[in-house]
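Before any comments, here is the structure.
There are 2 protein chains.
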Amino acid sequence: MSELDSIDLKMLRILQREGRIATTDLADQVGLSATPCARRLKRLEDDGYIRGYRAVLDPKRVGCGLQAFINIRLGDHAEKTVAAFQSALLRRQDVVAVYAITGSSDFLIHVMAADLDALSEFTTRTLLRMPGIRDTQSSIVLSVLKAETAVPLA
Amino acid sequence: MSELDSIDLKMLRILQREGRIATTDLADQVGLSATPCARRLKRLEDDGYIRGYRAVLDPKRVGCGLQAFINIRLGDHAEKTVAAFQSALLRRQDVVAVYAITGSSDFLIHVMAADLDALSEFTTRTLLRMPGIRDTQSSIVLSVLKAETAVPLA
DNA sequence: AGTGAAAAAGGTTCCGA
DNA sequence: TCGGAACCTTTTTCACT
Numbered sequence: 001m002s003e004l005d006s007i008d009l010k011m012l013r014i015l016q017r018e019g020r021i022a023t024t025d026l027a028d029q030v031g032l033s034a035t036p037c038a039r040r041l042k043r044l045e046d047d048g049y050i051r052g053y054r055a056v057l058d059p060k061r062v063g064c065g066l067q068a069f070i071n072i073r074l075g076d077h078a079e080k081t082v083a084a085f086q087s088a089l090l091r092r093q094d095v096v097a098v099y100a101i102t103g104s105s106d107f108l109i110h111v112m113a114a115d116l117d118a119l120s121e122f123t124t125r126t127l128l129r130m131p132g133i134r135d136t137q138s139s140i141v142l143s144v145l146k147a148e149t150a151v152p153l154a
Numbered sequence: 001m002s003e004l005d006s007i008d009l010k011m012l013r014i015l016q017r018e019g020r021i022a023t024t025d026l027a028d029q030v031g032l033s034a035t036p037c038a039r040r041l042k043r044l045e046d047d048g049y050i051r052g053y054r055a056v057l058d059p060k061r062v063g064c065g066l067q068a069f070i071n072i073r074l075g076d077h078a079e080k081t082v083a084a085f086q087s088a089l090l091r092r093q094d095v096v097a098v099y100a101i102t103g104s105s106d107f108l109i110h111v112m113a114a115d116l117d118a119l120s121e122f123t124t125r126t127l128l129r130m131p132g133i134r135d136t137q138s139s140i141v142l143s144v145l146k147a148e149t150a151v152p153l154a
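Line order of the protein sequences matches chains X and S.
One point on numbering: in the UniProt record's numbering, the residue at position 37 of the first sequence is 37, and numbering is uninterrupted.
One point on numbering: in the UniProt record's numbering, the residue at position 114 of the second sequence is 114, and numbering is uninterrupted.
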């Protein structure tokens, strides 16, 4: 479970931008031949540095024109309530992220929907009917100036 | 700019999970031979449905143990101030996302840092010294229950 | 850990349906 | 638009440094 050397970091930086790059090209870019590059890549995957690879879609292009962040405060923090609330959220495809946070609310969720109608339907029909919710506060995304999946690597 | 048929959608769904899948395997999974599958994939890329491919790293594993969301309210909405503020944020690697939002604040940003020290340094040394900022409100992420890059595809 | 060559697997192009 | 064959590239394996 050794450390990452500068070549590993270089590889990770490149792979965060070009997830489908051929290992031969990756090898060129980090100054290695194909064999050790493939070995390192496998190690980075096996040791859990790389979780997986994803195609990044253009949300608007595929019919998801609206995004929102919703702060949620629970009224009841009983373990059972919290667990039920969480698993209900996690099951939904349109809830793309769920964070437990500090501050004035308990959870921050990131929702994607086709349009305002779909979003308000989610909020009123689904979210507000979940047990244990005290209040919610929605922030609709007007524009996405940046949305990296990339983790900063010093 | 034609529509996406059910095979295209299937391909996109698979690619959101397995961004590095071989096109022959993708072809098998959608019931096509390699040639038309590769052609469709190229079209999805060229027409902007697929923005790119990314390796997804484990943040903790690569030294980014702390995430936070920060709501930012500007005091001065002059175009120049807003533009300067935005470009300063966009330049920073540790600011992984920037959204302009509705509601009580103007921007929501997603920050990744090694630890609390690094985060508080960012807030006090960088963020609060930016011109035009009226106030900020940080929510530190206690746990990530879900963080999909995937866009929901009906 | 890295290299280079050979075998296997995957990707691309062209043509016919 | 699809499928198949030929051709080319990439990946993997292996012997060696």
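Even for Gly, the Cβ is constructed at its ideal location relative to N, Cα and C.
{"Query": "Short CB-CB distance (under 8 Å) between threonine 102 (chain S) and chain X", "Result": "yes"}
{"Query": "At least 3 beta-carbon pairs within less than 8 Å: the stretch 20 to 28 of chain S vs the stretch 123 to 140 of chain S", "Result": "no"}
{"Query": "Where the stretch 106 to 122 of chain X meets chain S: residues whose CB sits under 7 Å from a CB there", "Result": "Leu108 and Met112"}
{"Query": "Counted within 10 angstroms of its Cβ, other Cβ atoms place proline 36 (chain X) as buried (16 or more) or exposed", "Result": "exposed"}
{"Query": "Which listed residue (S:Gly65, S:Glu148, S:Val82 and S:Pro59) has its alpha carbon closest to that of alanine 97 (chain X)", "Result": "S:Glu148"}
{"Query": "Simplified DSSP state of valine 82 (chain X), which is helix, strand or coil", "Result": "helix"}
{"Query": "Interface flag, arginine 61 (chain X) vs chain S, CB-CB below 8 Å", "Result": "yes"}
{"Query": "Whole-angstrom distance between glutamate 79 (chain X) and glutamine 29 (chain X), CA atom to CA atom", "Result": "50 Å"}
{"Query": "Contact belief for aspartate 106 (chain S) with arginine 73 (chain S) at Cβ below 8 Å, rounded distance in angstroms", "Result": "6 Å"}
{"Query": "Unbroken alpha helix (DSSP H) run spanning arginine 13 (chain S), endpoints", "Result": "6 to 17"}
{"Query": "Any C-beta of chain S under 8 Å from that of glutamine 16 (chain X)", "Result": "yes"}
{"Query": "Sheet register partners of tyrosine 99 (chain S) (DSSP bridge)", "Result": "X:Val144 and S:Leu108"}
{"Query": "Extent of the continuous beta strand (DSSP E) run through alanine 55 (chain X)", "Result": "50 to 57"}
{"Query": "Residue(s) in a DSSP beta bridge with alanine 34 (chain S)", "Result": "Per DSSP, none; premise fails for alanine 34 (chain S)."}
{"Query": "Sequence-distant residues of the same chain with beta carbon closer than 8 Å to methionine 11 (chain S), five excluded per side", "Result": "Leu26, Val30, Cys37, Arg40, Leu41 and Leu44"}
{"Query": "Isoleucine 112 (chain S) and proline 59 (chain S) closer than 8 Å at C-beta", "Result": "Rather than isoleucine, the amino acid found at residue 112 (chain S) in this sequence is methionine. Yes; because the gap between Cβ atoms is below 8 Å, this pair is in contact."}
{"Query": "Which residues DSSP lists as bridging threonine 136 (chain S), in chain order", "Result": "S:Ile72"}
{"Query": "8 Å Cβ cutoff, isoleucine 140 (chain S) in contact with chain X", "Result": "yes"}
{"Query": "Within 9 Å of chain S by C-beta, residues of the stretch 59 to 89 of chain X in sequence order", "Result": "Pro59, Arg61, Val62, Gly63, Cys64, Gln67, Ala68, Phe69, Asn71, Gln86 and Leu89"}
{"Query": "Three-state secondary structure (DSSP) of methionine 1 (chain X)", "Result": "Legend: pLDDT at methionine 1 (chain X) = 49, less than 50; position of this residue unreliable, no value from coordinates given."}
{"Query": "Beta-carbon neighbours of alanine 38 (chain X), restricted to chain S and to distances below 9 Å", "Result": "Here the premise fails: no neighbours, minimum Cβ distance about 13 Å."}
{"Query": "CB of alanine 68 (chain S) within 8 Å of CB of valine 141 (chain S), strictly", "Result": "yes"}
{"Query": "Closer than 8 Å to chain X by CB, isoleucine 133 (chain S)", "Result": "no"}
{"Query": "Buried versus exposed call for serine 6 (chain X) [16 or more other C-beta atoms within 10 Å across all chains shown]", "Result": "exposed"}
{"Query": "Interface residues of chain X facing glutamate 3 (chain S) [CB-CB closer than 9 Å]", "Result": "Under the 9 Å cutoff, chain X gives no residues; its nearest Cβ is about 10 Å from glutamate 3 (chain S)."}
{"Query": "When X:Met130, X:Lys146, X:Leu9 and X:Ile14 are compared against glutamine 86 (chain X), the one with the closest alpha-carbon", "Result": "X:Met130"}
{"Query": "Alanine 114 (chain X) vs cysteine 64 (chain X) beta-carbon contact at 8 Å", "Result": "yes"}
{"Query": "Pair within 8 Å by beta-carbon distance, valine 56 (chain X) and tyrosine 53 (chain S)", "Result": "yes"}
{"Query": "Proximity test, Cβ basis, 8 Å: leucine 32 (chain X) and chain S", "Result": "no"}
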